[in-house]
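Colleague:
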Amino acid sequence: MKNSFNWFNPLSGESDEQLMSRIGAGSDAAFEELYQRYARRLQGFFFRQLGGDEEAAADATHDAFVRLYEARDRYVEGRRVDTWLFTIAYNLCRNRYRTNAYAADYLAMLDAEPVSTEDIEIEMDRETLRQALANVLDNLPPPLRLLFSLRYEEELTVPQIAFVLDIPQGTVKSRLHKTMQIIRQELSQFKV
């Protein structure tokens, strides 16, 4: 009796870029493999950026992959697929942020403030700190939560974030610094 379940996926060893080339040529299997690699990560990203709304995160994940598929013929060979996918994700979030007028005003205020260097060390029980940090992140304005997520959760570099957000690297650094100042201030009660 032949086993119909294939334990080996020949596409699993291919790079994201190779998969995009196959997707561009019409391979549904390559698209499914890329989806399997990034859907969960992307949905977590959207969940954090869209205020913890699971349904909105699932919808946005679907929309991101639809956009990637629709733009498959515009993929530039050699371009990092994860950066391109997070650019799509950012643009979806940005469309939602545009409806919140305060976001632009808040960013303008942040950019106008001088950056100071402050080094705060926090020592406490990891679980308590994790929960306190989660609460602070939930209360950050969406654009700052997005920056934090791209840098520290998705581990994109400053140049990659600048590309995704289409802003100068200096602005990314300044806003990340300001985000960390807010986090440090909110968590200052845990300082030893």
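Heads up: take any position in the sequence shown, counting from 1, add 97, and you land on the numbering used here.
Note that the Cβ used here is the ideal one computed from N, Cα and C, for glycine as well.
What you are looking at is a predicted structure, and each value in this text was computed from that prediction instead of being measured.
If contact is defined by three or more beta carbon pairs under 8 Å, each pair taking one atom from either stretch, is the segment 243-259 in contact with the segment 268-285?
Modeller: Short answer: they touch.
Colleague: Over the uninterrupted alpha helix (DSSP H) stretch that includes residue 141, give me the two end residues.
Modeller: Where residue 141 is concerned, the enclosing alpha helix (DSSP H) stretches over 125-146.
Colleague: Cα separation between residue 333 and residue 126?
Modeller: Examination of residue 333 is not possible in this model, given that the chain is present from 98 through 289 alone.
Colleague: Pick helix, strand or coil for residue 175, following the three-state DSSP scheme.
Modeller: Of the three classes helix, strand and coil, the one that applies to residue 175 here is coil, per DSSP.
Colleague: Determine the DSSP secondary structure at residue 150, reduced to helix, strand or coil.
Modeller: Coil.
Colleague: With DSSP collapsed to three states, give me the class of residue 254.
Modeller: It is coil, neither helix nor strand.
Colleague: Over what stretch of residues does the alpha helix (DSSP H) that includes residue 281 continue unbroken?
Modeller: 266-283 is the span of the alpha helix (DSSP H), which, as asked, contains residue 281.
Colleague: Any idea what DSSP makes of residue 168, helix, strand or coil?
Modeller: DSSP places residue 168 in coil when its eight states are reduced to three.
Colleague: What number of angstroms, rounded off, separates the C-alpha of residue 146 from the C-alpha of residue 277?
Modeller: When rounded, the distance between both Cα atoms is 17 Å.
Colleague: How is residue 240 classed by DSSP in three states: helix, strand or coil?
Modeller: Note: residue 240 maps to helix in three-state DSSP.
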